[in-house]
Amino acid sequence: MPALEIRIPSGPKDIVQLSKEMPISIGSHPSNDVSIDDASVAPMHCRVSWQKYSYRVNSAAGSEVLLNGKEVAKASLKVGDVISIGKAKITVVDETRAGHDDQAKADISEFELKPLDEEETVRANREALYEPLQEEPVATEKAPPENDPPSNIRRKKKQQHVPAPSSESVAELSMGDILASDDALPTTRSSSKDSKRSQADKSSKKDRGSDKSKTKTSWKGGRAVRPGERNILQSPLVLTLGGGGLVLLLLALTFRFMNNRQEVDGRFEEAAASKREGKYAQAIKAFERFLINYPRDSSTNNAQIQLGLTRIQQHVSGSTPAWELGLQSVHEYRQKSKDLPEFSEEANAQELEGYIKKITLGAATSAKNNLNPELLEISAEAGTLLKRIGVDKKETEEHLARVGRVAKEANDAILKRNTFDAAVAKITEALAASQAIAALDERRALLARYPDFASHREIKKLMKQALEIEKASVTREAESVAAATTEQESDVASVLSLVRHSRAQSGNKSENASVVVLSENSCMAVDTINGTPLWSRTIGYDTPFFPLEQTVPDPALLMFDTRNNELLLVSKADGKLIWRNAVSSRASGSPVVHEGQVFLPTTDGELCQFDLETGELTAQLKFAQPISSAPAISESGEYLFVAGHEGVIYILSRRPLECIQVFDSGHAPGVIEAPLMAMGPYLLAIENSQANNCNFRLYDVTEADKSLNEVASYQGVSELLGHVKDTPVLRGNRMFVPSSDERVTAFTVTEEDGQKPLSYVDSSQNESPIGCPIYLAVGPDDQMWMAARDLRKFQLTLDHLEEEVKQRMRVGLCAQPLQVQGNSIFVAGRFPASRAVFFRGVDRQAMTGQWLVVVGAPILATAAPNPNDNSIVCVTAAGDLFLVTAKRIGEGGIDTRPLAQLKIQDDPEAAYHAKRLSDGRMAVYTTGEKPHLWVVNSSGGIDSDLTLKESLQIAPAEFGKSLVLPLPGKLQLLGRSPSGGRVQDFALPVTGKTSAAWKALVPLADDQVIALTSNGMLSRLQLREQDNVSFFDEVTLIHLDHAVDVDIVVSGDRLLIADAEPSLSVLNGRSLEVVAKAALPQPAPLAPWLIEDRVYIQSGREQLICFQLGDTLNKLWEVPLPQTSLAGTPLMRNGELLAALQNGEILRINPETGELLHRYNVQQTIGDGPYLLGDQLVVISPDGGFIAVQTEKQEAGQ
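Right, here's the structure in full:
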């Protein structure tokens, strides 16, 4: 039977039986069947096992096995093959032949038997009868020599060699000796000394007869031996049989030990084989049974190690590893096995480190794939352990860096999924509440972070539901509302507008053509040839769109009146009303007019349809959100496109007006400010981004009944800098887009296949841009005009936008769209310091002015009315002086002939200020680079015209016949003192790091003024003279505890001061002591006023309060105000108090009781008043007009 003969240098050979059932493991680890103590031998180097037809040697991974001198990984074995492992030579032998040879040698007895002759027989008998017994020493086992080299091959199945008893030792004892004492029994093993002595005794048998006379020593405790008696136990036969039995017993014990060893090794290998084959549960049970059955075997520690490693491997292997259990098994293994010697062995340590690496990377990867954050914690914990036990620090760091990258990807994936789940939950919740826009907002926020979710099936499904809900939310109101054809009722008798008109040439004949200009709250028509104002119509503040010219059949203007939220159609010839119809809220953009139908968007999310000819409101669509700009209409006229405030574009059919689709554009709230633009088969939507640029999105609308198809998107490119708020202009295939920072960009538009639908050409920007509206106009031959703060002319070539720089015209900040008629272009601008509009007619080729109209200039102040001719002089914010009479106001119309123009040379942007002085005159002054001062009397004459070195901080105060000028840091008397001398300036004391400014300055007497500074110092100054020098002496000074933001009122020797406490205080003008005080509910927005012994003051925007002035302030009454303020100082007429409110109402109040007697309403904002010019009650509009109030019918009814 084949076996392995194992030899090492200077060591004994060993034989290992081969078995078909049990493989033989060879390696350096003690747990192997053949253990070779050699550093070049792996812990598990190779195995020899039966495979089908022969025994084969199989190398472990990376181990070197030489078979007959050649390196092999696996090979079949035959008798005679030599396996070289380290310094060991293992030969395959046939153990059956070897056993026969040994047996043959063993059959030869140490005592050779042969027949005795007669002489030998007689001599033997004689010696047996007469030879005395000798006491023999007991043989002892001799220890092996200490210098024998130990074997470095250790085998669990090592056979026990027990030598048979020596024949000489048995022959020396007689049977009687053996029976007499146990001590006489020979040992099973004789020493070499005993053997020599036995041989010596044999050689000296001839001399034994001479020794018979010697005394024999008996065995202790034995009986005496009779002469000639023979001990049967000393019989050769008995001795031979006894020795043979003993040998057989020892052989039986040896074979039993060998069989038990083979069984133990087989059980271990069975468990190890299951582990190698991936049968981890089976291996775990086998190792556990091994530990129970063989608790004290030499392989127990190794079995404990392998059991722990198998448990780890069971959890971290397979298609669905249990990383947490694997890490738990690692901790358990280290806890239970750390004290075992085998724990630190290289093979086991490497295997454990490999499992931990597998856990770190595998748990992170599973966390990424399964979106499980708990697995990241497991990976991190395993990584911490790996840092401690990793042998190769560099390799460990590289591995953990890779794990870190996977963990980051896992964290990102988990965050992404959590964000997705949260968004889906919010979207679902919003849809359940029918809040489609909120759902789309959530979707947009999700896609802004993770754009790839746009194609996610669930997101697409939810978006479809949202769009269906949003479509269903658009409701249609089909009930028609007829338009009115008469004006709103009001108490306006007439309106006189004050306009400055000038022209470069006179005598130009009108062609009965007009253009319109918008002022503060009016629309005015102006002749295109000579600039003559034709008519003016009040339409309220900040109309949402510029009037649109229509033909129905005569020229008309479609405009919006913000006072009553009405859409108007008026005659272009005279401004008279054709029809008006109200909507629920203010228009949000310009209407679209198509085939006699008007479509108007409103701020409350409605799109209203009107008949252009009759003004009838025929249909309304109500949206769930505001619609941000004017609608666009398709090239076929079948569809309208309306941009919602956020997220969607609504696709509407025109006949009937209803929503047929909702397209998810995904735009953020309020980013579409410019109107949508239809360009043939395309729809352009311009979205302003948070940065200073914009995105162009171009949609194909040829299948608008189904959806829009985005065909191009230009996002965040350098050509699209700035925000687009104003309407682009399209002419032919050229489009010009105005954007912020005074920039204009030219594009080419094409519908040709294979061409970009929108191509950038060129752009131009002002050198020092400011934020202001931009308006464009295009003409023939690719000419383009742009108005921002200048009117500029451009010529567009194939690839360049070239400006004719020398032809710029200064127009101020452009206030309205450009208008072009014939060879003229009409531009309106404002200067920052004024609300007046400067409207010019310009030759568009020569870029020269033709005429100028200044409209909408507010009236800054009026002089005291002249009772002789019932006239009043006023000054406008444009510096124009007008004298108007009650008669001229009653006639109404437009006054274009100012008395004078208070003009500042080369300073068109000068800011004008004015105030009526206590003597009825007006002080008019400008601030800026060239400050100026005029004093205008009540007849319109200019009493003083002075150029100042410094700008006034507030209005001057009269001082006798002169003025005190509040200049920065000082007060200066204009002119000389009463004695004719020069007056020294009064220097304002400097406190702290910054100088205080003048806050109020009022005269107290001919030689005294009251001054208030911004730091609350109130002082009384008196002009005095000493040593021929006049100066202001600070007689009294106090500090006010609360800020004062309105003028101080002087009445005799008393001061009325309203502060921010809020309170109203009466002070003694000389001592500045408070003599009376009353609390106010709200701070006063205007200065109090005194009529006889009554003080009137407005508290906040809530009430008008009347106090009785005496030793105390006694409140008499209060009148509630409808959340508005007084326009000016009330006046008494016929024993009644008249108070004008900014909202257009004029209140008639009983001054004794506060009873409201009547409300007049002029249906427009009041800027100042009321005034009485004779019997005519007059108020002033904010844009420079006098309004005559009709009161006769109310008074006639009393």
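Using full-length UniProt numbering, count along the sequence shown one by one with no gaps and you end on 1198.
Note that the Cβ used here is the ideal one computed from N, Cα and C, for glycine as well.
Let me confirm a value: residue i is counted as buried when at least 16 other C-beta atoms fall within 10 Å, else exposed. Which label applies?
i, result
"VAL1029", "exposed"
"GLY221", "Reliability fails at GLY221, whose pLDDT of 40 lies under 50, so the model's placement of it is uncertain and no value is given."
"GLY79", "Rather than Gly, the amino acid found at residue 79 in this sequence is Val. Exposed."
"MET1132", "exposed"
"LEU4", "buried"
"LEU798", "exposed"
"THR1191", "buried"
"residue 1209", "Absent from the structure is residue 1209, since the part of the chain shown begins at 1 and ends at 1198."
"ASN418", "exposed"
"ILE389", "exposed"
"ASP705", "exposed"
"GLN795", "exposed"
"LYS999", "buried"
"GLY69", "exposed"
"LEU241", "exposed"
"GLU353", "buried"
"GLN1176", "buried"
"SER1065", "buried"
Going by beta-carbon coordinates alone, are residue i and residue j separated by less than 8 Å?
i, j, result
"LEU1105", "GLU1118", "A small correction: the amino acid at residue 1105 is Ile; Leu does not occupy that position in the sequence shown. It is a contact, given that the beta carbons lie within the stated cut-off."
"VAL1179", "ILE1166", "yes"
"LYS793", "GLN816", "no"
"HIS913", "LEU860", "yes"
"VAL648", "VAL671", "no"
"residue 1228", "GLY722", "This structure leaves residue 1228 out entirely; the chain is present only between 1 and 1198."
"ALA483", "GLU616", "yes"
"SER584", "GLU606", "yes"
"LEU1121", "GLN1103", "yes"
"GLU958", "PRO1003", "yes"
"SER713", "LEU676", "no"
"SER768", "THR745", "no"
Between the C-alpha atoms of residue i and residue j, what's the straight-line distance to the nearest angstrom?
i, j, result
"THR947", "LEU1138", "39 Å"
"LYS156", "ILE90", "Low per-residue confidence applies at LYS156: pLDDT is 39, beneath 50, and the placement is therefore not dependable, though the value from the model is reported in the following sentence. Spanning the two alpha carbons is a distance of roughly 17 Å."
"ASP574", "ILE469", "48 Å"
"LEU1147", "ILE1097", "15 Å"
"residue 1234", "THR926", "Nothing about residue 1234 can be read from this structure; the chain reaches only from 1 to 1198."
"VAL424", "SER455", "14 Å"
"SER707", "VAL701", "8 Å"
"THR618", "LEU818", "32 Å"
"GLY1135", "GLU489", "28 Å"
"ASN937", "LEU881", "11 Å"
"ASP604", "PRO626", "6 Å"
"TYR760", "ARG731", "15 Å"
"ALA668", "SER473", "20 Å"
"ASP527", "LYS509", "10 Å"
Is there contact between the stretch 501-512 and the stretch 529-538, where contact requires at least three CB pairs shorter than 8 Å? With the cut-off at 8 Å, the stretch 501-512 and the stretch 529-538 touch.
Would the stretch 945-956 count as touching the stretch 884-893 if we require 3 or more Cβ pairs under 8 Å? Using a C-beta cut-off of 8 Å, the stretch 945-956 makes no contact with the stretch 884-893, since fewer than three inter-stretch Cβ pairs fall below that distance.
Contact between the stretch 1016-1033 and the stretch 968-977 is defined here as three or more beta-carbon pairs at a separation below 8 Å; is this criterion met? In short, these stretches touch, since the Cβ pair count reaches three.
On the three-pair Cβ rule with 8 Å, is the stretch 323-335 touching the stretch 373-384? With the cut-off at 8 Å, the stretch 323-335 and the stretch 373-384 touch.
Kindly provide the ranges of any beta strand (DSSP E) runs that are 3 or more residues long and lie completely inside the stretch 752-831, ordered along the chain. The stretch 752-831 is shown to contain whole beta strand (DSSP E) runs of 3 or more residues at 758-765, 775-778, 783-787, 790-796, 801-803, 819-821 and 824-830, in chain order.
Should the stretch 403-416 be regarded as contacting the stretch 581-596, the criterion being three or more beta carbon pairs within less than 8 Å? No: the two stretches stay apart, fewer than three of their Cβ pairs being nearer than 8 Å.
Does the structure place the stretch 1141-1159 close enough to the stretch 833-841 that three or more beta carbon pairs sit under 8 Å? Contact fails between the stretch 833-841 and the stretch 1141-1159, because fewer than three Cβ pairs, one in each stretch, are under 8 Å apart.
Going residue by residue through the stretch 913-992, where are the continuous beta strand (DSSP E) segments of at least 3 residues, counting only ones entirely within it? Correct list: 922-927, 932-936, 942-947, 957-959, 962-967 and 970-974.
For the stretch 655-731, list the beta strand (DSSP E) runs that are entirely contained and at least 3 residues long, ordered along the chain. Fully enclosed beta strand (DSSP E) runs of 3 or longer: 658-664, 677-679, 682-688, 694-700, 709-715 and 729-731.
Cβ contact check for the stretch 388-395 and the stretch 365-376: 3 or more pairs under 8 Å: Proximity of the stretch 388-395 to the stretch 365-376 falls short of the contact definition, fewer than three beta-carbon pairs being nearer than 8 Å.
What ranges does the alpha helix (DSSP H) occupy inside the stretch 560-588, keeping only unbroken runs of at least 4 residues that lie completely in it? With a minimum length of 4 residues, no continuous alpha helix (DSSP H) run stays inside the stretch 560-588.
Contact between the stretch 19-29 and the stretch 39-51 (3+ Cβ pairs under 8 Å): Touching, yes, given that three or more Cβ pairs across the two stretches are closer than 8 Å.
Counting Cβ pairs, one atom from each stretch, are 3 or more of them under 8 Å apart for the stretch 818-831 and the stretch 840-860? Yes: the two stretches touch, three or more of their Cβ pairs being nearer than 8 Å.
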